[in-house]
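Quick note on our numbering: the sequence shown kicks off at 10 and runs consecutively.
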Amino acid sequence: MDYDDGRLAAHRLWREGLSAGPVADPLTTEFAKGALDELERLQKGTPGILKEVLDGAQISAEQLNVDEFHGIQEILQNADDLAAHEVRVAPISCTR
Numbered sequence: 010m011d012y013d014d015g016r017l018a019a020h021r022l023w024r025e026g027l028s029a030g031p032v033a034d035p036l037t038t039e040f041a042k043g044a045l046d047e048l049e050r051l052q053k054g055t056p057g058i059l060k061e062v063l064d065g066a067q068i069s070a071e072q073l074n075v076d077e078f079h080g081i082q083e084i085l086q087n088a089d090d091l092a093a094h095e096v097r098v099a100p101i102s103c104t105r
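Set out below in structure tokens:
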């Protein structure tokens, strides 16, 4: 169910933009996977120049961060900024 909800949320945001309103994200892996799968499908189906713009933006974004642990550093910095007493992360396996 979360997978399908993620796909629907991504589809709605793709079509309506931020005017679609907030997304009821249950913060599950399945929801995220569904959303990412749908966004990938939609991006691949984008025609012409818009697809080239999206592809260029993705290439640029990939070059912004060369430190593989930067995301974790950001999470810890944000937690510190908020004076958090606890930080939880859920690592997943990744093939590179």
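The C-beta atom is built at its ideal place from N, Cα and C for all residues, glycine as well.
None of these values were measured; they are calculated from a predicted model.
A check of alpha carbon separations from Asp34 across Ser28, Ala44, Leu27, Glu25 identifies Ala44 as the nearest. Pairing Gln82 with Ala41, the inter-Cα distance amounts to about 22 Å. Just so you know, the alpha carbons of Leu36 and Asp76 end up roughly 25 Å apart. By the neighbour-count definition (other C-beta atoms within 10 Å, threshold 16), Ala66 is an exposed residue. For Asp76, the three-state secondary structure derived from DSSP is coil.
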